[in-house]
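Novice: Going down the list, the sequences are from chains C and B.
Just so we're aligned: the first sequence equals residues 1308 to 1647 in this note's numbering.
Just so we're aligned: the second sequence equals residues 28 to 487 in this note's numbering.
The structure under discussion is supplied below as structure tokens; questions concerning it will follow.
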Amino acid sequence: MAAPKKAAASTPQAKTDGGSPPEFTREQELKALRDMLLIRRFEEKAGQLYGMGAIGGFCHLYIGQEAVVVGMQMALKEGDQVITGYRDHGHMLATGMDANGVMAELTGRRGGYSKGKGGSMHMFSKEKHFYGGHGIVGAQVSLGTGLAFANHYRGNGNVSVTYFGDGAANQGQVYESFNMAELWKLPVIYVIENNRYAMGTSVSRASAQQDFSKRGVSFNIPGKQVDGMDVRAVKAAGEEAAAWCRAGKGPYILEMQTYRYRGHSMSDPAKYRTREEVEKVRHDQDPIEQVRNRLLAAKVSEQDLKAIDAEVRDIVNASADFAQHDPEPDVAELWTDVYR
Amino acid sequence: MPIQVLMPALSPTMEKGNLAKWLKKEGETIKSGDVIAEIETDKATMEVEATDEGTLGKILIPEGTADVAVNTPIATILADGESAADLAKAPAPAAKAVESAPPAAAKAEAPAPKAAPAPQAVAEPDPEVPAGTEMVTQTIREALRDAMAEEMRRDADVFVMGEEVAEYQGAYKVTQGLLQEFGAKRVIDTPITEHGFAGVGVGAAMTGLRPIVEFMTFNFAMQAIDQIINSAAKTLYMSGGQMGCSIVFRGPNGAAARVAAQHSQDYSAWYSHIPGLKVVAPYSAADAKGLLKAAIRDPNPVIFLENEVLYGHTGEVPKLDDFIIPIGKARIVRAGSHVTIISWSNGMTYALKAADELAKDGIEAEVIDLRTLRPMDTETIVNSVKKTGRAVTVEEGWAQSGVGAEIAARIMENAFDYLDAPVARVSGKDVPMPYASNLEKLALPSAAEVVEAAKAVCYR
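Quick look at the structure:
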């Protein structure tokens, strides 16, 4: 199989600031591969369970975008918070949340992170500093700014990583938040995951300014476009942004240029883009294949890589098994957790 | 004939103010637009500009005079050709007469209530206040401020944010002095960005801080209602109890005076519809203080509905180190046996006035101040109705899907067999709030309507 070395160059929108990102050590490459594979296999399984009717409602898969959360997570330190919108399974797994708990939430079971009461779009983990999982497009941006406000208030040196998409980037409260974050120098990294489609509307049909790294210009927030298919580029940009925030300089915007392979949700008719477009990105830029090819070129054996595949498949299969056999919530749970 | 300069009002709800300074002397020439004096209230300072030309004939109220009623003549201006001798022709200063007629009501034909009376003497002692407790007289504005200051002293995680809360000392002066005591880190002026700062507050609360988010009025909170409901109210449930949100959203709610439809709306019913929120709407100064302290300590999101018209009203507040009124408990403010009148916030103004009127006709009304709308104290309502057999609800909001409708349903569900008449609702009329003074009065409930409703359910 040909190694798609020219990946970044052929990305239609990628415009990183010159040259390759810093190389990963072998350990970093292996960790990135493993964490991205876990998300991919998990999402594929979630898609299957959805098709079988085990998962209800909405189910937004993260396949194709794995390098963004995995690279960002590698740039963070303990206590940094993560918050995102509704396409959130990858973020949860990247923060180290347990696959069983996430999958069981998707199936609405008592062992889910929200005891089955939140579902795909609404999961949280205080322990892993994951603040959701929000179903209202753009709402997480103000909330994530509030997490940064709390860091600033407490002076704890942590940053809030606030993810949203190219679609949410057009919401009004995003700019209200940008204004306050820069005004008060809040430590927040706004990660705009530009996967080129807000549901079925391409960026060019919805956005007057398509360079999302410039969306903070009128607030004096620095921004950068990043090849979001290259986990190394993501980590490097994340470190730069985090250092900026931790130095008390205020917020930072990272536009992650990425791509979602699957539909917006499981019910996506996929009429707004061609099959060829999707195939081309998959073939040329796949974030996981990039790492796998580098590892093979560095003489890591197929066997070692297969061991990672096997470990990940075991975790995912176990989570699917757990999520289908764990009981539904006790009926008494209907009335709990309204107030505390 | 000499022209009288009257004490102006800074706001529709101002009733009196201090004459701080005269900038013109008797005998000085005055041109239209000249600043002749400065007046001040506890909220603001304003310059008095002459609207007429001539000579300042006589200063009727010396500078430094406190509590000058609005519309009191403060000076006379002599027109060209007039002399001090003409002053005698001017009507004598009739301060007392003017005092009893506030500006808005002065021209009104209907005897609709403008200013609410101070909270009435209570029929039952407040169980929250030990007998013999010293009481201090405070405005509701001061009681709210003290509640916040006390809680901020007690807990470093409590902070207040909103438009004009810090440097300006609060648009309605409720946060007066907080910046000076607690500094800019904990008393935070926000940009005019309700949706955004409500979300910032909720996010901060999710980490365990305890924000007090002030809305300049709840009308503007419409911009933020998504964050209040979808984020603040639902997160505890959606997270399976992991992540809650201890936050207070407070500010003036309901009809203010002469500000028309977009600035005069009662949101009691809107917020009390939502599981996950607590909704508090006090009437008296003591309740304002005790309930706000409880709201700040509550681990849940609390909507704290104040009322602009009531801010300047005074009441007795217990002088206790830690005066807390539990959320969710109504209070019988006046005991009676013939009919139960249920209201809250400024609705109590009409309810209490009506109870006085009804007493003259031999009808003893029991008046319940709900104080909290969610969770609603059904027990107190039902026990009273079991005694009286009749009920009238009073609210400034609209009747459809209103709080009165909810109260009526609960009475029907819990005390149907005790009812001697259908529950009557007195509410705001089913129209956007008009601007014109006469129409505005008609749109709001009145004591007369409460009297009428009470008599109707008593078949009198």
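Virtual Cβ for every residue (Gly too), placed ideally from N, Cα, C.
Here the structure is a predicted model, which means the values were calculated and not measured.
Can you pull out the residues from the region 1615-1639 of chain C whose beta carbon lies closer than 9 Å to at least one beta carbon of chain B?
Specialist: Flagged, chain order: 1636.
Novice: Kindly indicate which three-state DSSP category residue 148 of chain B falls into: helix, strand or coil?
Specialist: Residue numbering aside, residue 148 of chain B sits at position 121 when the second sequence is read from its first letter. Legend: pLDDT at residue 148 of chain B = 42, less than 50; position of this residue unreliable, no value from coordinates given.
Novice: Please list, in chain order, the chain E residues whose beta carbon lies closer than 7 Å to that of residue 1334 of chain C.
Specialist: Judged by its chain identifiers, the structure shown contains no chain E, and its protein chains are C and B.
Novice: With residue 1364 of chain C and residue 1426 of chain C assumed to form a contact (beta carbons below 8 Å), what rounded beta-carbon distance in angstroms separates them?
Specialist: By one-based count along the first sequence, residue 1364 of chain C stands at place 57. By one-based count along the first sequence, residue 1426 of chain C stands at place 119. Contact holds; Cβ gap of about 6 Å.
Novice: Can you give the Cα-Cα distance for residue 494 of chain B and residue 37 of chain B, rounded to whole angstroms?
Specialist: The requested residue 494 of chain B is not part of the displayed model; chain B covers only 28 to 487.
Novice: Counting pairs of beta carbons, one from the region 1468-1487 of chain C and one from the region 283-297 of chain B, are three or more of them closer than 8 Å?
Specialist: The region 1468-1487 of chain C, when compared against the region 283-297 of chain B, does not touch it at the 8 Å Cβ threshold.
Novice: Does the Cβ-Cβ distance between residue 394 of chain B and residue 420 of chain B come in under 8 Å?
Specialist: For the purposes of this step, residue 394 of chain B is taken as residue 367 along the second sequence, with counting starting at 1. For the purposes of this step, residue 420 of chain B is taken as residue 393 along the second sequence, with counting starting at 1. Their beta carbons are not under 8 Å apart, which means residue 394 of chain B does not touch residue 420 of chain B by this criterion.
Novice: Would residue 469 of chain B pass as an interface residue toward chain C - the criterion being a Cβ-Cβ separation below 8 Å?
Specialist: As a first step, residue 469 of chain B must be located in the second sequence, where it is residue number 442. With 8 Å as the cut-off, residue 469 of chain B does not count as an interface residue toward chain C.
Novice: Nearest by alpha-carbon distance to residue 302 of chain B: which of B:242, B:316, B:344 and B:259 is it?
Specialist: The sequence position of residue 302 of chain B within the second sequence is 275, counting from 1. If we check each option's Cα against that of residue 302 of chain B, B:259 comes out closest.
Novice: Against chain C, which members of the region 238-249 of chain B pass a CB distance test of less than 9 Å?
Specialist: Cβ contacts with chain C: 238.
Novice: Using a Cβ-Cβ cut-off of 6 Å (strictly less than) and excluding sequence neighbours within five positions of residue 191 of chain B, which residues of its own chain qualify?
Specialist: Here residue 191 of chain B refers to the residue found at position 164 when the second sequence is read from its first residue. The residues are 198.
Novice: Secondary structure at residue 140 of chain B, three-state DSSP: helix, strand or coil?
Specialist: Here residue 140 of chain B corresponds to residue number 113 of the second sequence, with the count starting at 1. Per-residue confidence for residue 140 of chain B stands at a pLDDT of 39, beneath the threshold of 50, marking its modelled position as unreliable; no derived number is given.
Novice: For residue 443 of chain B, which residues in chain C fall below 8 Å Cβ to Cβ?
Specialist: Start at 1 with the first residue of the second sequence, and residue 443 of chain B comes out as number 416. What residue 443 of chain B touches in chain C: nothing, since even the nearest Cβ is about 26 Å away.
Novice: With DSSP as the reference, label residue 1478 of chain C as helix, strand or coil.
Specialist: As a working mapping, residue 1478 of chain C is identified with position 171 in the first sequence. In the structure shown, residue 1478 of chain C sits in coil (DSSP, three-state: anything other than H, G, I, E or B).
Novice: Quick one: does residue 1446 of chain C have its CB under 8 Å from some CB of chain B?
Specialist: Within the first sequence, the letter at position 139 stands for residue 1446 of chain C. It does; some Cβ of chain B falls within 8 Å.
Novice: Of all the beta strand (DSSP E) runs that stay within the bounds of the region 400-472 of chain B, which reach a length of 3 or more residues?
Specialist: Runs of the beta strand (DSSP E) inside the region 400-472 of chain B: 418-425 and 451-455.
Novice: In the region 182-225 of chain B, which residue ranges form an unbroken alpha helix (DSSP H) of at least 4 residues, counting only runs that do not cross its ends?
Specialist: Listed in chain order, they are 205-209.
Novice: Answer with yes or no whether the minimum CB distance from residue 159 of chain B to chain C is below 8 Å.
Specialist: Here the question's residue 159 of chain B lines up with position 132 in the second sequence. By this cut-off, residue 159 of chain B is not an interface position.
Novice: Spatial neighbours of residue 345 of chain B within its chain, please: C-beta separation below 7 Å, excluding the five flanking residues on both sides.
Specialist: Sequence index remark: in the second sequence, residue 345 of chain B carries index 318 (1-based). For residue 345 of chain B, where only same-chain residues beyond five positions count, the Cβ hits under 7 Å are 156, 160, 162 and 313.
Novice: Assign residue 311 of chain B to one of three DSSP states: helix, strand, or coil.
Specialist: By one-based count along the second sequence, residue 311 of chain B stands at place 284. Reduced to three states, the DSSP call for residue 311 of chain B is coil.
Novice: Leaving out the 5 sequence neighbours to the left and right, which residues in its chain are closer than 6 Å to residue 1456 of chain C when beta-carbon positions are compared?
Specialist: One-based indexing of the first sequence puts residue 1456 of chain C at position 149. The residues are 1493.
Novice: Looking at residue 35 of chain B: is its Cβ nearer than 8 Å to the Cβ of residue 62 of chain B?
Specialist: Locating residue 35 of chain B in the second sequence gives position 8, counting from the first residue. Locating residue 62 of chain B in the second sequence gives position 35, counting from the first residue. No; because the gap between Cβ atoms is not below 8 Å, this pair is not in contact.
Novice: Quick check: the region 1483-1491 of chain C against the region 1512-1519 of chain C, are at least 3 beta-carbon pairs closer than 8 Å?
Specialist: Verdict: no, contact absent.
Novice: Which whole runs of the alpha helix (DSSP H) in the region 310-395 of chain B are 4 residues long or more, in chain order?
Specialist: You should have 312-324 and 374-387.
Novice: Does the region 1369-1380 of chain C come into contact with the region 1559-1570 of chain C, if we say contact requires no fewer than three beta-carbon pairs (one atom in each stretch) closer than 8 Å?
Specialist: Output reads yes: the region 1559-1570 of chain C touches the region 1369-1380 of chain C.
Novice: For residue 481 of chain B, which three-state DSSP category applies?
Specialist: For the purposes of this step, residue 481 of chain B is taken as the residue at position 454 of the second sequence. DSSP places residue 481 of chain B in helix when its eight states are reduced to three.
Novice: For chain B, find out if any of its Cβ atoms is closer than 8 Å to the Cβ of residue 1429 of chain C; answer yes or no.
Specialist: As a working mapping, residue 1429 of chain C is identified with position 122 in the first sequence. For residue 1429 of chain C, the answer is yes, since a Cβ of chain B falls inside 8 Å of its Cβ.
Novice: Looking at residue 466 of chain B and residue 455 of chain B, is the spacing between their C-beta atoms short of 8 Å?
Specialist: Counting from one through the second sequence, the residue named residue 455 of chain B turns up at place 428. Counting from one through the second sequence, the residue named residue 466 of chain B turns up at place 439. The answer is no: Cβ separation not under 8 Å.
Novice: Can a CB atom of chain B be found closer than 8 Å to the CB of residue 1647 of chain C?
Specialist: One-based indexing of the first sequence puts residue 1647 of chain C at position 340. Yes, residue 1647 of chain C counts as interfacial toward chain B.
Novice: Whose C-beta lies closer than 7 Å to the C-beta of residue 290 of chain B among residues of the same chain, with five residues either side of it excluded?
Specialist: Sequence index remark: in the second sequence, residue 290 of chain B carries index 263 (1-based). The answer, listed in chain order, is 244, 246 and 283.
Novice: Listing by chain order, which chain C residues have their CB less than 9 Å from the CB of residue 302 of chain B?
Specialist: As a working note, residue 302 of chain B is residue 275 in the second sequence. Those are 1645 and 1646, listed as they occur along chain C.
Novice: Is DSSP giving residue 1542 of chain C helix, strand or coil here?
Specialist: The count along the first sequence starts at 1 and reaches residue 1542 of chain C at position 235. The answer is helix: DSSP assigns residue 1542 of chain C an H, G or I state.
Novice: So residue 1424 of chain C packs on residue 1644 of chain C, CB below 8 Å; how close in whole Å?
Specialist: As a working mapping, residue 1424 of chain C is identified with position 117 in the first sequence. As a working mapping, residue 1644 of chain C is identified with position 337 in the first sequence. Right, their Cβ atoms sit about 7 Å apart.
Novice: Strictly by DSSP, which residues pair up with residue 1497 of chain C?
Specialist: On the first sequence, position 190 is the one that residue 1497 of chain C refers to. Its beta-bridge partners are C:1469 and C:1560.
Novice: Are residue 1307 of chain C and residue 327 of chain B close, meaning C-beta to C-beta below 8 Å?
Specialist: Because chain C here runs from 1308 to 1647, residue 1307 of chain C falls outside it and cannot be looked at.
Novice: What three-state label does DSSP hand residue 1428 of chain C in the structure shown?
Specialist: The residue labelled residue 1428 of chain C in the question sits at position 121 within the first sequence. Three-state DSSP puts residue 1428 of chain C in coil, outside helix and strand.
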